[in-house]
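Q:
Residue numbers (our numbering): 699 to 870.
(1) Please list, in chain order, all residues of the same chain as residue 725 whose beta carbon is under 7 Å from its beta carbon, the five residues on each side excluded.
(2) Hey, residue 840 and residue 769 are a contact pair by Cβ (cut 8 Å); roughly how many whole angstroms apart?
(3) So the candidates are 762, 735, 712, 746; which of them puts its Cα closest to the Cα of residue 830?
(4) Since residue 774 and residue 742 should fall inside the 8 Å C-beta cutoff, what is the C-beta to C-beta distance between them, to a whole number of angstroms?
(5) Alpha carbons only, please: which of 789, 706, 748, 827 is nearest the one belonging to residue 714?
(6) Between residue 735 and residue 849, what straight-line distance do the alpha-carbon atoms span, to the nearest angstrom?
(7) Give the single residue among 842, 847, 846 whose Cα lies nearest to the Cα of residue 710.
(8) Can you look up residue 720 in the DSSP assignment and give me helix, strand or coil?
(9) Which partner residues does residue 715 have in the DSSP bridge list?
Written as structure tokens, this is what we have:
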């Protein structure tokens with residue numbers, strides 16, 4: 699019999715960042731918060747409501763550098779807090795990336811190839827852009843494993859049983 703309160707592995711979840719993140723302001727190893735943007739609905743039943751808080755981790759952060767190198771930022775969604783349990787997440791994706799300025803440097807250096815050396819080296823002062831993900835940025839992640847959602851009241855009753863009105867006694 700299938701689990702009525704189970705979220706399958708690799709189910710997509712929509713998230714929203716609750717913190718400003720960026721290759722210039724974030725540090726490798728720090729954590730950040732986010733929340734569920736839309737409820738997780740399985741089989742027509744809302745198992746996890748929108749707004750459920752979660753936590754992620756900055757895996758790698760590096761500021762933009764000289765010579766046009768772009769900033770680097772690698773983020774991971776770790777979990778959503780569902781009651782007293784953690785719904786583990788993976789495969790976080792934010793559809794935004796920084797640009798580098800290497801093309802600008804190459805064009806500048808090509809144009810100044812006949813110039814004295816100090817002018818050509820000015821191109822190395824150009825820096826790439828830092829990754830910036832402001833608070834409110836949407837993201838997508840996936841569930842890492844099958845997760846059984848605990849009943850809302852903790853009694854083991856299904857939502858159909860807990861919302862049914864009591865039947866009045868029949869008799870004289």
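Backbone N, C-alpha and C fix where the C-beta goes; we use that ideal spot for every residue, glycine too.
A: The relevant details are as follows:
(1) 756, 759
(2) Going by Cβ atoms, the distance from residue 840 to residue 769 rounds to 26 Å, so no, they are not a contact pair.
(3) 762
(4) With a Cβ gap of about 31 Å, residue 774 and residue 742 do not count as contacting.
(5) 748
(6) 21 Å
(7) 842
(8) strand
(9) 732
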